[in-house]
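See structure below.
2 protein chains.
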Amino acid sequence: MSRNPTACLLIIGNEVLSGRTKDANLQFLATRLGEIGIPLREVRVIPDVPDTIINTVNEVRQHFDHVFTTGGIGPTHDDITAECIARAFGVPWEQHPEAMALLAAHYERQGSEFNAARQRMATIPRGATLIENPVSVAPGFTIGNVHVMAGVPRIMQAMFETLAPGLEGGQAVVSRSVHADGLLEGNLAEGLGAIQARFPALDIGSYPYYRPDRQGVSLVAKGVDGAAVEAAAAEMAALIRGLGLEPVEGEVA
Amino acid sequence: MSRNPTACLLIIGNEVLSGRTKDANLQFLATRLGEIGIPLREVRVIPDVPDTIINTVNEVRQHFDHVFTTGGIGPTHDDITAECIARAFGVPWEQHPEAMALLAAHYERQGSEFNAARQRMATIPRGATLIENPVSVAPGFTIGNVHVMAGVPRIMQAMFETLAPGLEGGQAVVSRSVHADGLLEGNLAEGLGAIQARFPALDIGSYPYYRPDRQGVSLVAKGVDGAAVEAAAAEMAALIRGLGLEPVEGEVA
Chain A
1 MSRNPTACLL IIGNEVLSGR TKDANLQFLA TRLGEIGIPL REVRVIPDVP
51 DTIINTVNEV RQHFDHVFTT GGIGPTHDDI TAECIARAFG VPWEQHPEAM
101 ALLAAHYERQ GSEFNAARQR MATIPRGATL IENPVSVAPG FTIGNVHVMA
151 GVPRIMQAMF ETLAPGLEGG QAVVSRSVHA DGLLEGNLAE GLGAIQARFP
201 ALDIGSYPYY RPDRQGVSLV AKGVDGAAVE AAAAEMAALI RGLGLEPVEG
251 EVA
Chain B
1 MSRNPTACLL IIGNEVLSGR TKDANLQFLA TRLGEIGIPL REVRVIPDVP
51 DTIINTVNEV RQHFDHVFTT GGIGPTHDDI TAECIARAFG VPWEQHPEAM
101 ALLAAHYERQ GSEFNAARQR MATIPRGATL IENPVSVAPG FTIGNVHVMA
151 GVPRIMQAMF ETLAPGLEGG QAVVSRSVHA DGLLEGNLAE GLGAIQARFP
201 ALDIGSYPYY RPDRQGVSLV AKGVDGAAVE AAAAEMAALI RGLGLEPVEG
251 EVA
């Protein structure tokens, strides 16, 4: 079993750190990256501060196979991601002919001026390749192992789906879960730890849920070995039965 | 104007990185920390891997005035935060008499066994002080500048509110926003950049919104100087009027 490539996500934007904007990209990317076998190993949310962006990009691109960034590639003064990525890679930040042509045609169709602010969205690090934006034209880009995408979820998702087929993924991470109302973590902990010990390659987790009408715990087994995940899920169900409760497959509705 | 203290949040848990769980703590803490003048400057989401937790805690506690952690303090095998924090600080991880007494009484009232798994929730780094948990008794704790809280949002929020009055905050971050349907970032970018240049101490942001029935942009001014925030908001409204649109105070509904 070869090692799966790993991913890190950088969410760039003061608006997430201030609480103004609720991030909606982490869960989408976490799920999709797991599906294509490039599991997300770390996320950082960082501010629109050039040195922070540059240093963080240069740190994480050494440690992970892929780095995905969201945010900061629009036309306004606080959109500094592309320029900072260029500085991180030590390459010029310059107008990209294909991106300029795409945007010039787009604004001509719209009857809007292709002004300096909008030309900024076609200004990217030298050597980068474009990531198509089927929603609003202004592209993302890939340089080295860093994939730079928009922050607006609908645009980010479209960019990711144009990017994904070209990424060399690994084995998909699969998961099985089982839950039971009335289950208490303190009662299952010992048995669950023993299951984890028998399946060291899997990620076995225990997640209590609190609903107005019901409380209980979901147990989850994850990993790239589907047969081991099935076997662990069967043991988790047996553990719940041994505590006198009825296990229900899947997550709590 | 003295510098505000700074905060970093560590969200600890494989379940967030896999997409299984949607984090609901970042926005709450970002907002509350801004209100008490301890603005959040970075967030990291990291897995339940001891070396990662230990190294990350030791890195960020040097760089920020306060570190808040969420997740990993329950009774199961994947709840390793407290032990890792003890190792990060180089102190023993041991039963805390007050926490043991609280939990022993709680489980006696419940008629549940106070078993080894549950005693784990009273095992914390030597020298830590407890953070009360008014929801489910098992406490969080503070050691040095690191505040260790539960991952379940309702419990985390209750812990934060017991902790907050004892934190020495700074000036509250205040914010004013103005928006207009039909506004385009490419048209306002130059004028907004000029406003940012006139108010360098403020954080001026531009956030497009896309609704089924309306599109536009929200402009936001944030900072600790309320008068400057008001003045910048007035300039943002004038900028929108200059583009032939009617500014509306506040965020888009």
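Going down the list, the sequences are from chains A and B.
Residue 119 in my numbering sits at position 119 of the first sequence, with consecutive numbering throughout.
Residue 135 in my numbering sits at position 135 of the second sequence, with consecutive numbering throughout.
Yeah, the Cβ is synthetic: ideal placement off N, Cα and C, and Gly gets one too.
By the criterion of a C-beta distance shorter than 6 Å, Ala172/B is surrounded in its chain by Glu35 and Gly37, once the five residues flanking it on both sides are discounted. Under the three-pair Cβ rule at 8 Å, the region 154 to 168 of chain B does not count as touching the region 84 to 95 of chain B.
Checking the DSSP bridge columns, you'll see Glu42/A partnered with Cys8/A. Contact between the region 54 to 70 of chain A and the region 114 to 124 of chain A is not established, with fewer than three Cβ pairs separated by less than 8 Å. Taking CB atoms only, Arg241/A has no neighbour in chain B less than 8 Å away. Remark: C-beta atoms of Val43/A and Ile12/A do not approach each other more closely than 8 Å.
If you draw a straight line from the Cα of Thr142/A to the Cα of Thr129/A, it comes to about 5 Å. Contact between Leu163/B and Val137/B is absent: CB atoms are separated by about 16 Å, not below the 8 Å threshold.
Residue nearest to Gln196/B within the set Leu40/A, His77/A and Ala253/A is His77/A (criterion: CA-CA distance). When C-beta distances to chain B are compared with 9 Å, the residues of the region 75 to 97 of chain A below that value are Pro75, Thr76, His77, Asp78 and Asp79, in chain order.
By the criterion of a C-beta distance shorter than 8 Å, Leu183/B is surrounded in its chain by Gly216, Val217, Ile240, Leu243 and Leu245, once the five residues flanking it on both sides are discounted. By the 16-neighbour rule on beta-carbons within 10 angstroms, Asp51/A is exposed. Along the region 127 to 153 of chain A, the positions whose C-beta sits under 8 Å from a C-beta of chain B are Val152, read in chain order. Non-local C-beta neighbours of Asn145/B in its own chain, meaning closer than 7 Å and more than five positions away in sequence, comprise Arg61, Asp65, His66 and Val67, ordered along the chain. Short of 7 Å from the beta carbon of Thr81/B, and not among the five residues preceding or following it, lie these beta carbons of its own chain, in chain order: Ile12, Ile53, Thr69, Gly71, Gly72, Ile73 and Val148. In this structure, Cys8/B lies near Arg41/B, with their beta-carbon atoms less than 8 Å apart.
Within chain A, Asp203, Gly205 and Lys222 have C-beta atoms less than 8 Å from the C-beta of Asn14/B, given in sequence order. No Cβ of chain B is located within less than 8 Å of the beta carbon of Leu10/A. With a contact defined as Cβ atoms closer than 8 Å, Leu192/A and Ser177/A miss out at about 13 Å. With contacts defined as CB atoms closer than 8 Å, Val220/B and Arg20/A qualify as a contacting pair. Chain B places no beta carbon closer than 8 Å to that of Ile36/A, leaving this residue out of the contacts.
As computed with DSSP, Pro208/B is found in a beta bridge with Val217/B.
In the three-state DSSP reduction, Gln110/B falls in the helix class (H, G or I). In the displayed model, Leu130/B falls within a strand according to three-state DSSP. Selection Met100/A, Leu17/A, Phe28/A and Ala231/A evaluated against Met159/A yields Phe28/A as nearest (Cα-Cα). Given a length threshold of 3 residues, each whole run of the beta strand (DSSP E) inside the region 60 to 106 of chain B is given here in chain order: 66 to 70 and 93 to 95.
Pairing Asp79/B with Ala116/B, the inter-Cα distance amounts to about 13 Å. Taking all protein chains in view, the Cβ of Gly226/A is surrounded by fewer than 16 other Cβ atoms within 10 Å, so the residue is classified as exposed.
Going by beta carbons, Thr6/A and Pro39/A fall inside the 8 Å limit. Counting the other Cβ atoms within 10 Å of the Cβ of Pro134/B gives fewer than 16, which makes it exposed. Residue Leu188/A holds the alpha-carbon nearest to the alpha-carbon of Ile204/A among Asp23/A, Arg109/A, Leu188/A and Leu26/A. For Gly34/B, the uninterrupted alpha helix (DSSP H) run begins and ends at Leu26 to Glu35, by DSSP. The DSSP-derived three-state label of Pro153/A is helix. Within the same chain, and ignoring the five residues on either side of Pro75/A in sequence, the residues whose Cβ sits closer than 6 Å to its Cβ are Ala117, Arg118, Arg120 and Met121. Annotation: Asp65/A has no Cβ neighbours in chain B at a cutoff of 7 Å; minimum Cβ distance is about 15 Å.
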